[in-house]
Amino acid sequence: MSEINVTKFAAQGPGKTPKGSIRSRQFRRMVSYVWPHRKYMAIGFAAALVAAVLNAVSLGAIVPVLNILIQEHGLHGWLDRCVAEQRTGVDNLDLVLIPDEETGPVDEWFQDVAEAPSGAKVKFRIRSAASPGGEDHLQEVTLAAPPGGAGPVRSLVPREIARLTTLVYVMIFVSIAVLLCNTARFLAEYYVSIGVYRGVMDLRRNLYARVLMLPMSFFTQGTAQIVSRFVQDAQEIQRGLLALFGKFVREPLRALAILAVAVWLDWRITLTALLVGPCAVLIFMRVGHSIRKANRRLLQAYGTMIDALTTTLQAIHVVKAYTTEKTERVRLWRIDERAFRQQLRIAMLRAFLRPMLEVLAVIAFSIATVWLGKQVIDAEISPADFGALVIVLAMLFDPFRRLSDVYTRISRAAAGADRIFAVMDMTPEAQLLEGAVQLPELADRIEFRDVTFTYPGAASPALSEVDLTVRRGETVAIVGPNGSGKTTLVNMLPRFFDPDQGTIRFDGVDTKTATLKSLRRQISLVTQDTVIFEASLADNVAYGAEGATRDQGVAAARRAYADEFITEKEQGYDTVVGERGSTLSGGQKQRLTIARAVLRDAPIFIFDEAPSQIDSESEHKIQETLKEFSKGRTTFIVAHRLSTIRFADRIVVMDGGRIIDSGTHEDLLARCGLYGTLCKTQLIE
9 MSEINVTKFA
19 AQGPGKTPKG
29 SIRSRQFRRM
39 VSYVWPHRKY
49 MAIGFAAALV
59 AAVLNAVSLG
69 AIVPVLNILI
79 QEHGLHGWLD
89 RCVAEQRTGV
99 DNLDLVLIPD
109 EETGPVDEWF
119 QDVAEAPSGA
129 KVKFRIRSAA
139 SPGGEDHLQE
149 VTLAAPPGGA
159 GPVRSLVPRE
169 IARLTTLVYV
179 MIFVSIAVLL
189 CNTARFLAEY
199 YVSIGVYRGV
209 MDLRRNLYAR
219 VLMLPMSFFT
229 QGTAQIVSRF
239 VQDAQEIQRG
249 LLALFGKFVR
259 EPLRALAILA
269 VAVWLDWRIT
279 LTALLVGPCA
289 VLIFMRVGHS
299 IRKANRRLLQ
309 AYGTMIDALT
319 TTLQAIHVVK
329 AYTTEKTERV
339 RLWRIDERAF
349 RQQLRIAMLR
359 AFLRPMLEVL
369 AVIAFSIATV
379 WLGKQVIDAE
389 ISPADFGALV
399 IVLAMLFDPF
409 RRLSDVYTRI
419 SRAAAGADRI
429 FAVMDMTPEA
439 QLLEGAVQLP
449 ELADRIEFRD
459 VTFTYPGAAS
469 PALSEVDLTV
479 RRGETVAIVG
489 PNGSGKTTLV
499 NMLPRFFDPD
509 QGTIRFDGVD
519 TKTATLKSLR
529 RQISLVTQDT
539 VIFEASLADN
549 VAYGAEGATR
559 DQGVAAARRA
569 YADEFITEKE
579 QGYDTVVGER
589 GSTLSGGQKQ
599 RLTIARAVLR
609 DAPIFIFDEA
619 PSQIDSESEH
629 KIQETLKEFS
639 KGRTTFIVAH
649 RLSTIRFADR
659 IVVMDGGRII
669 DSGTHEDLLA
679 RCGLYGTLCK
689 TQLIE
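Okay, so the sequence shown: first residue is 9 according to the numbering used here, each after it adds one.
Here you go:
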C-alpha cells in the first residue's frame, strides 16, 4: 500500500504546498468549479458591463452640468462648441477664437458652424498660441461632416428653455442612468453569487467524495484538519470567488468606462496619471504573497481549534468531574492566541495596502491637478473642463482602491485552495488497495500468515509475525491487555490496513489481489466505539443494507433485542436520535449496531466489544444475540467479558502484537498465565 504522510498532513496538509500566487494551478482549479455554472456568470458579467457603461454615461454628464452652471452659453452653446471644434479641427476653440466683424458674436458663430452643411468653408481668426507663425492667424477650413451624437441631444432639449430648466433635464437623465446602472449592478452581483455558491457546493461535494475514498491510514491522526477544510477553507474560497467574479470583474470594467471618459476629455493627462499603475501592481503582489502565507497558517490554527473544542465538549463530563475547566480554558486560549497572531498579521497587511494605494493615487492625482491648473491659467482649457477632468480622475482611482481588498481576499482563497486540493490530489483507496479478483463467499478458511503491521508514525509494530487460521463457521474470541493488537488484527480483515509483511488469505487467495467490494460485502462489523448516526432508528438499523425493507429492519431489530426499546419510543422506529446517539444508553446503542449487522447478514461477523459497563439486562441480551447470530458464521469477537468468550469455539490470547496462545477457556486457564491474570483483572464477569 502506498503510504500517506498523515503526520505532515496534520501540520500543514499532505504534500508540499506550493508557494505560488493566484496564478498557481490550485487557484485555476478552484476557478474551474464555476465553469459548469457559466450561464449565471455570463448574465452577471453582461449586467456588470451594462452597469459600467451606464456609470460612464452618468459620469460623462458632469461636463454638460458644469458647462450649464459655469458657462453663460449653457448646454446648447457647449454642444455647438464641441461640434465646431470637431468640424474645424481646432481644440479649445472658444479660448483661441478672436471675434471680428466676419465671425460676429461667438455663440452665434458656433451655432452656424455646428449647423452648416458638409463641405462648407468658413474663415475665422485664432490667437497666436494656436497659430503656426506665432501671430494672430486668419484661417479658412472646409467643414467636416457633423458628428451624429449632438443633433439628437439638441433636438431633445429645446434651445429656448432657461439654463435651470436645462439642468433639470440633464439631472433627470442622470437619475435614470443611475437607476438603470444600479439595477444592472444588482443583477450582476445576484447572478455571480448563484454561480459561485453552486461552484463551491460542487467543490465541497467532490472533497467529501474524495475524503470518503481515502484509506484508513489517512484518518489515524484525527479529523479536525479535514473538518477545517470543509468549513474554513471552503468559506475562504467562496469569499475569494465572489470577490474575483464580483468586484474583480466589475471594478475593472467600471475603471475602463471611467478611463474612456477621462481619455475623451484629455488623453495626455489621463495616461500620465496612470503611471502609478505598475507601482500598485508590485505592492499587490508582495502583500498578496504575505497574506497567503499568513492565511495558510491561520487555517491550520482553525483546524487545531476545532479539534480541541470537539475533544473537550465530547468529554465535558470528565472535564467537570476532574474540575479541569481552567486547564481546558488555558489550552484553548493558547490555541486561540496562535490564530490571533495570524489574524493580526493579515489585518496589518490589509491595513497597509489600502493607505499605500491611496497615497500613490493622491500623488498621481496631485500631478494631474497641477498640470490641469497650469492649462487653465494659460487659457488652454476652460474652467468647466478643468472641473470635469479633476472629478473624473478622482473617480478613476476609486475602482483601484476597492480592488485592494479584493486582492487580499483572492490571496486568502488561494491558500484555502492549496489546502483543499492537497487532500483531493491524494490517491483514493480504490487505486491504492484495489485488486482484480472477485472473492466468492468464504468456503473454507481465513489465514493470517506472518502478518506484521506498524501504524504510520508509530515507533513499534502493532502486530508482529502473527499466524492464525480460522475455519469457516468458527467463533474466535480475541483477548489481551490494552494495546496488544486485538482491534488492529480484526481491522486487517476488511483491509482497513494492509500488512507491512505477510499475507491474509481467504480460501488461499491473498486479499491484496481481491476487489474491496467483493471482500467487504462479506463482512458485518460492530466497532468498539458504537457508531450511531443522527437519523431515525429505522435508518440506523438499515444503514449499509441497500434495498432492505422496513419489515426486514424490524425483524433484525427483534433478533438483536433492540425492538423492545425502540417500540417504547413515542415515534417508534421513526424516532430521530441525537448526535452520536446521545439519547440512547450504552446497551441500547450496542444492540442497535448489532441489529445493523444482523440485517446485513454477511457470512463473516466482527464484533469489537465495548469495554464500558452496560446494564446486566442489555449484557444478557447482547450475549444471546451473539450466540444466535454467530451460528453458521465465521465470527471474530474482541472480548472484554468472560460471558462473551465462554461460548467461543476458540480463544486467542495476544500480547505485544503477538499471539502467545489459543484454546478453550479451561485449557487456557490451566496453561496460560497471562490469560489467568486477564480473567482476574481485566475481563469483566
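Glycine residues also receive a C-beta, built at the ideal position from the N, C-alpha and C atoms.
Values in this document were obtained by computation on a predicted structure and should not be read as measured data.
{"Check": "Residue 541 burial status per 10 Å Cβ neighbour count (16 or more: buried)", "Outcome": "exposed"}
{"Check": "Three-way DSSP call (helix, strand, coil) for residue 648 in this model", "Outcome": "coil"}
{"Check": "Test item: CB-CB of residue 147 and residue 132 under 8 Å", "Outcome": "yes"}
{"Check": "Residue environment, residue 499, which counts as buried when at least 16 other CB atoms sit within 10 Å", "Outcome": "buried"}
{"Check": "Best match in 583, 660, 423 for proximity to residue 683 [C-alpha to C-alpha]", "Outcome": "660"}
{"Check": "Close Cβ partners of residue 653 (< 6 Å) along its chain, the five nearest in sequence each way excluded", "Outcome": "485, 647, 659"}
{"Check": "First through last residue of the beta strand (DSSP E) which encompasses residue 35", "Outcome": "Residue 35 -> not in any beta strand (DSSP E); alpha helix (DSSP H) instead, spanning 33-40."}
{"Check": "Residue 450 (DSSP reduced to helix, strand or coil)", "Outcome": "coil"}
{"Check": "Sub-8 Å separation of residue 312 and residue 192 beta-carbons", "Outcome": "no"}
{"Check": "The stretch 461-474 touching the stretch 428-442, judged by at least three CB pairs closer than 8 Å", "Outcome": "no"}
{"Check": "Inter-residue spacing [alpha-carbon to alpha-carbon] between residue 455 and residue 515", "Outcome": "8 Å"}
{"Check": "Residue 590 burial status per 10 Å Cβ neighbour count (16 or more: buried)", "Outcome": "exposed"}
{"Check": "Beta-carbon proximity check, residue 62 vs residue 189, cutoff 8 Å", "Outcome": "yes"}
{"Check": "Cβ-Cβ separation, residue 608 to residue 553 (assumed contact under 8 Å), whole Å", "Outcome": "5 Å"}
{"Check": "Beta-carbon contacts of residue 60 that lie in its chain and below 6 Å, excluding the five residues immediately before and after", "Outcome": "261, 262, 265"}
{"Check": "Paired residues, beta bridge with residue 460 - DSSP", "Outcome": "509"}
{"Check": "Buried versus exposed, by CB contacts within 10 Å (16 or more), residue 475", "Outcome": "exposed"}
{"Check": "Backbone secondary structure at residue 424 - three-state DSSP", "Outcome": "helix"}
{"Check": "Beta strand (DSSP E) segments (min. 3 residues) lying fully within the stretch 498-557", "Outcome": "509-514, 531-534"}
{"Check": "Residue 140, DSSP secondary structure in three states", "Outcome": "With a pLDDT of 46 at residue 140, under the threshold of 50, the modelled position of this residue cannot be trusted; read the value that follows with caution. Of the three classes helix, strand and coil, the one that applies to residue 140 here is coil, per DSSP."}
{"Check": "Beta-bridge partners of residue 658, as assigned by DSSP", "Outcome": "484"}
{"Check": "Contact set for residue 257: own chain, Cβ-Cβ below 7 Å, skip 5 residues either direction", "Outcome": "53, 56"}
{"Check": "Own chain residues within Cβ distance below 8 Å of residue 458, not counting five before or after", "Outcome": "473, 474, 475, 509, 510, 511"}
{"Check": "Among 382, 222, 606, 245, nearest to residue 209 - alpha-carbon criterion", "Outcome": "245"}
{"Check": "Cβ shell of residue 527 (< 8 Å), same chain only, five flanking positions each side left out", "Outcome": "447, 502, 503, 514, 519"}
{"Check": "Within 8 Å, strictly: CB atoms of residue 67 and residue 269", "Outcome": "yes"}
{"Check": "Minimum C-alpha distance to residue 2 - residue among 649, 605, 629, 562", "Outcome": "Any answer about residue 2 is impossible in this case: the structure gives the chain only from 9 up to 693."}
{"Check": "Cβ-Cβ distance between residue 483 and residue 657 below 8 Å", "Outcome": "yes"}
{"Check": "Straight-line gap, residue 627 to residue 601 (C-alpha atoms, nearest Å)", "Outcome": "14 Å"}
{"Check": "Residue 307 to residue 352 span [Cα, whole Å]", "Outcome": "14 Å"}
{"Check": "Close Cβ partners of residue 599 (< 6 Å) along its chain, the five nearest in sequence each way excluded", "Outcome": "568, 569, 570"}
{"Check": "Own chain, CB closer than 8 Å to residue 212, minus 5 neighbours either side, in chain order", "Outcome": "238, 242"}
{"Check": "Between the CA atoms of residue 559 and residue 672 - distance to the nearest angstrom", "Outcome": "39 Å"}
{"Check": "DSSP state of residue 474 mapped onto helix, strand, coil", "Outcome": "strand"}
{"Check": "Coil, strand or helix - residue 640 by DSSP", "Outcome": "coil"}
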